[in-house]
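Novice:
There are 2 protein chains.
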Amino acid sequence: MIGEIINVGTELLLGDIMNTNGKFISERLAKLGIDLYFQTVVGDNSERLATVFKTALKRSDLIIFTGGLGPTKDDLTKEVVAKTLKIPLILNYQCYQEIKGKFEKRGIVMPRNNIKQGLIPKGAMILPNPNGTAPGIYIQYNKKHIFLLPGPPRELQPMFLNSVENLLINYSDGQIISKIIKTYGIGESQLVRLIDDLLEEQSDPTIAPLAKVDGVHIRVTTKRNLSSLEKMVEIIQQRLKDYIWGYDDDQLGELIVERMINNNLSLSLIESCTGGAITSAITDIPGSSKVLEQSQILYTLKSKSEFLNCNIEDIPNSGIDFYLTEKLAKMSLEKTGTDLALAITGALGPTAPSGVEVGEIYISTVNNYKTITKKFNYYGTRENIKEKCVITALHQLRFLLREMCP
Amino acid sequence: MIGEIINVGTELLLGDIMNTNGKFISERLAKLGIDLYFQTVVGDNSERLATVFKTALKRSDLIIFTGGLGPTKDDLTKEVVAKTLKIPLILNYQCYQEIKGKFEKRGIVMPRNNIKQGLIPKGAMILPNPNGTAPGIYIQYNKKHIFLLPGPPRELQPMFLNSVENLLINYSDGQIISKIIKTYGIGESQLVRLIDDLLEEQSDPTIAPLAKVDGVHIRVTTKRNLSSLEKMVEIIQQRLKDYIWGYDDDQLGELIVERMINNNLSLSLIESCTGGAITSAITDIPGSSKVLEQSQILYTLKSKSEFLNCNIEDIPNSGIDFYLTEKLAKMSLEKTGTDLALAITGALGPTAPSGVEVGEIYISTVNNYKTITKKFNYYGTRENIKEKCVITALHQLRFLLREMCP
């Protein structure tokens, strides 16, 4: 079965909203083992919508529409689909009653526009929408499966999970099994060279490298051949072993927090340039309160000098410095009595103090026995550099942690 | 000029990544006044990619590709476009040298794969890519304008802003003029009721309410009718005045930092549940170092009690408490000598200490004359609640700031 998504909405073409429905449905179809070949965004225009639908009817077995089921004149999806397939729209009394009931429950008289949402193509199946007024619609037509789903994600997502997937499961061409291997410390093209022959010869399983913020991921996918997948993962593991830090849903922050909890270790942080973003990433993880003792964001020279009990003049290089960063990490360890400490200083840009380059970053991780301090040079916007700092800091924490509890 | 976007990448059809490029380009084209009618996502498959391209050539004047310019065999965009248009690909020596240079700068020998990125369709214009190795490409062909842009957003976005827009500006059909009015403290349906008649009667300018994380925005848009737009904005201002906090590109964090810089005010923060996210949001703003003195993330009872110089047993309600939060803010003001301080405590979930509900949040903002402390109850995931905390904290800071320097 070949699938296609048609997202309807001028607001998507204006860039007002992110097409989260496209990603959500794509992800679910991949898991179900249904091939998705195309996804088209089209505005609230009946002519163009009809053209897109006709093209889809020619090339796909499954067509999933999102959006355009609302009560306004701009909402055209149902009308265009019915007209194209020459199926009449009929007011479904039960639907109508339910929509009316939803308004009454909120103490509002149903606006006249909303009657439109009770119109259903003759013979179609109604998919309940507990989170909104527009029901979903499922049409079977000449062996084609056509779904009309509401646009708001909080209506679409539960409807997809609870109704659509149950109807599609029978058409799955075998659910996809995949394994994601997560690496760090190696660029995409360098990595590709290490597995070039595997990429060249791939058929089943398929292998796809994906550059992500936390490093390059490799996705190994098969439809049926579990043992060949396992063999391939093993081969890749051998080639890349030093670079691999996780698999599948593993999150860097989670791995660190989990390992620290298991080994009863505590952490303190000193952030300068990242301004709390590293601490925020760690505290995103439930349970991080067992690990993180405290964190200080020392953004000014004054706050750094007070923390180190020194004169402000003794802070070198506008506070962006190898030894200063190391000192901050060590002082944090000493003051808080934690098992590990990390400090970061640097210039995120757009400008940097004299003698310092934009993107010049120092990260120091310490425990009672060992200190790792490194200098990095990053390029990009303030935002990019900040993101790289957070990832690099977490990886440096992971390195020290791996030595402490292998 | 009618535009169309083609996003190339199997990872998009698998739902591995969000199509942020689609949104970004849509938004920019709308601002430029270029109509966008279609956006198609297609996988790394030359046949299907060629079909989509041929359809686009028939119906659009401007075709913007994203993705598929990388060094691997899966990267097919340039090859398919050149083949379809029957234009040969030629190694551009300068491009090749630049790509090689980028690797050398990082101390890496250029992998052989990357030579492919120096191949340019004959006669095409090269768009520089300071943030990656794949150059962008601009082809003029039979009055069609075809752009090939790299997939990674941090490469695509600056290339679009710096190169593509300059080339497109001449083809704009009259730039769209729009004004965004940003509100806070009023829900979407409540807001809609206040401007119901305006929404009902709208033609030019159009009015669209959009629920965003930092409050409900209202977008007023016209293509030519500037005076009617101004009139409409004025009417909306009168209806909603108490709720409006900004316009257009105004960012909450920026407004706060700017106002503090202009009034020579300093800030200190104590974060508990948000774990640095508020400080991180403030330090996202260039120039924030002039304002933010320091921030402490006191995640444990121990760190809170040390900060307040009290016994750990004296910290009430597991550290999530109205008066405790106020005390933390006041102590921060006293210790750091800043003009303003903010403290936050709360439970983000998934679980909460006994006696505290998930989503129970306290925020206190203080200066030398005034203290504002408020309790909030939020619903949603840990992530949602954290996001709401950051926005609410910034707004509470804004309220106090507005009183200090009206």
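Protein sequence lines, in the order shown, are assigned to chains E and W.
Those letters in the first sequence? Residues 1 to 406, by UniProt numbering.
Those letters in the second sequence? Residues 1 to 406, by UniProt numbering.
Glycine is no exception: its CB is placed at the ideal position from the N, C-alpha and C atoms.
1. Please list, in chain order, the chain E residues whose beta carbon lies closer than 9 Å to that of residue 39 of chain W.
2. Taking the alpha-carbon positions, what's the residue 61 of chain W to residue 6 of chain E distance?
3. Counting only C-beta atoms, is residue 131 of chain W closer than 8 Å to chain E at any point?
4. Which word fits residue 421 of chain W, buried or exposed, when buried means at least 16 other C-beta atoms lie within 10 angstroms of its C-beta?
5. Could you check where the beta strand (DSSP E) with residue 116 of chain E kicks off and where it finishes?
6. Hey, is residue 388 of chain W's beta-carbon within less than 8 Å of any beta-carbon in chain E?
7. Using a Cβ-Cβ cut-off of 7 Å (strictly less than) and excluding sequence neighbours within five positions of residue 157 of chain E, which residues of its own chain qualify?
8. Closer than 9 Å by beta-carbon distance: list the chain W residues that pair up with residue 329 of chain E, in chain order.
9. With three or more beta-carbon pairs closer than 8 Å as the criterion, would you say the stretch 143–155 of chain W touches the stretch 177–188 of chain W?
10. Measuring only the C-alpha atoms, how far is residue 67 of chain W from residue 76 of chain W?
11. Look at the alpha carbon of residue 357 of chain E and the alpha carbon of residue 234 of chain E, and state the distance between them as a whole number of angstroms.
12. Going by DSSP, what residue range makes up the alpha helix (DSSP H) through residue 304 of chain E?
13. Return the residue from the list E:299, E:72, E:203 and E:405 that minimises the CA-CA distance to residue 134 of chain E.
14. Using the beta-carbon of each residue, which ones in chain E are nearer than 7 Å to residue 350 of chain W?
15. To the nearest angstrom, report how far apart residue 203 of chain E and residue 70 of chain W are at their CA atoms.
16. Looking at the strands, I want to know which residues DSSP matches up with residue 294 of chain W.
17. Tell me the DSSP secondary structure of residue 257 of chain W in three-state form.
18. Where are the alpha helix (DSSP H) runs, 4 residues long or more, that stay fully inside the stretch 64–96 of chain E, in chain order?
19. Where do the N-terminal and C-terminal ends of the beta strand (DSSP E) with residue 362 of chain W fall, by residue?
20. Starting from residue 157 of chain W, trace the alpha helix (DSSP H) in both directions and tell me its first and last residue.
21. Taking the continuous beta strand (DSSP E) assigned at residue 4 of chain W, which residues delimit it?
22. Identify the continuous beta strand (DSSP E) that holds residue 372 of chain W and give its terminal residues.
23. For chain W, check one thing: does any of its Cβ atoms lie closer than 8 Å to the Cβ of residue 220 of chain E?
24. Please give the ranges of any alpha helix (DSSP H) in the stretch 214–260 of chain W, keeping only runs that are unbroken, at least 4 residues long and fully inside the region.
25. Thinking C-alpha only, which one of E:343, E:121 and E:279 is nearest residue 366 of chain E?
26. How close, in whole Å, do the beta carbons of residue 50 of chain W and residue 80 of chain W come, if the pair is a contact with beta carbons under 8 Å?
27. Hey, how far is the Cα of residue 46 of chain E from the Cα of residue 288 of chain W?
28. Could you tell me which chain W residues have their CB closer than 8 Å to the CB of residue 293 of chain E, listed as they occur along the chain?
29. Using the Cα positions of residue 106 of chain E and residue 152 of chain E, report the straight-line distance between them to the nearest angstrom.
30. Closest Cβ-Cβ distance between residue 30 of chain W and chain E: below 8 Å?
31. Determine, for residue 265 of chain W, whether the minimum Cβ-Cβ distance to residues of chain E falls below 8 Å.
32. Are the stretch 31–42 of chain E and the stretch 242–255 of chain W touching by the rule of at least three beta carbon pairs closer than 8 Å?
33. Give a yes or no on whether the minimum CB-CB distance between residue 116 of chain W and chain E is below 8 Å.
34. Give a yes or no on whether the minimum CB-CB distance between residue 24 of chain E and chain W is below 8 Å.
35. Relative to the alpha-carbon of residue 9 of chain W, which residue among W:3, W:74, W:376 and W:1 has its alpha-carbon at the smallest distance?
36. Would you report the Cα separation of residue 17 of chain E and residue 319 of chain W, rounded to the nearest angstrom?
Specialist: Concretely, from the data shown:
1. 7, 12, 13, 19, 39, 40, 41 and 42
2. 22 Å
3. yes
4. Given a span of 1 to 406 for chain W in the structure shown, any question on residue 421 of chain W remains unanswerable.
5. Run containing residue 116 of chain E: none; DSSP gives neither H nor E here.
6. no
7. 24
8. Neighbours of residue 329 of chain E on chain W: none; closest Cβ ~16 Å, over 9 Å.
9. no
10. 9 Å
11. 42 Å
12. 301–308
13. E:72
14. 286
15. 21 Å
16. E:298 and W:268
17. helix
18. 77–85
19. 360–366
20. 153–159
21. 2–8
22. 371–377
23. no
24. 226–240
25. E:343
26. 5 Å
27. 49 Å
28. 299, 300, 302 and 303
29. 19 Å
30. yes
31. no
32. no
33. no
34. yes
35. W:74
36. 38 Å
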